[in-house]
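Written out below as structure tokens is the structure these notes cover.
Residue numbers (our numbering): -12 to 135.
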């Protein structure tokens, strides 16, 4: 082999190396581009998923807040009803406390009426006995002929 042959082989190898290096660089650039696209796609997917989750969580929080408000309103209504029930119970207790007084008043009034009725009955009975006794006296006087 001559120097010239060696030079040609060396030049050919350099060309192949340079071509190979160019292909490798192009492959690396293409690979980096594909990787960049994949990274962009993953980032976009993650961003979209985060937005969906954020929207979903916002809706969920709004629903929970609405339920919280509804529960508070129900509690307020229940407390108002319980307050009304307490007032009704107080009124019923007052009425129940007044029952013995009313009963005593009725009993006193009834006792007075019974006493008055007994007095009237006694007077009427006495009057009847008196009239019967008077009637017997008159009959006995008539039958004895002492009538005047």
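Virtual Cβ for every residue (Gly too), placed ideally from N, Cα, C.
Would you kindly work out how many angstroms separate the C-alpha atoms of residue i and residue j, rounded to a whole number?
| i | j | result |
| --- | --- | --- |
| residue 97 | residue 123 | 38 angstroms |
| residue 46 | residue 59 | 20 angstroms |
| residue 119 | residue 93 | 38 angstroms |
| residue 117 | residue 89 | 41 angstroms |
| residue 101 | residue 74 | 40 angstroms |
| residue 52 | residue 39 | 20 angstroms |
| residue -1 | residue 26 | 39 angstroms |
| residue 11 | residue 37 | 38 angstroms |
Which of helix, strand or coil does DSSP assign to residue i?
| i | result |
| --- | --- |
| residue -11 | coil |
Under the rule that 16 or more other beta-carbon atoms within 10 Å means buried, what is residue i, buried or exposed?
| i | result |
| --- | --- |
| residue 135 | Caution is warranted here: a pLDDT of 48 is assigned to residue 135, below 50, making its placement in the model unreliable, and no coordinate value can be reported. |
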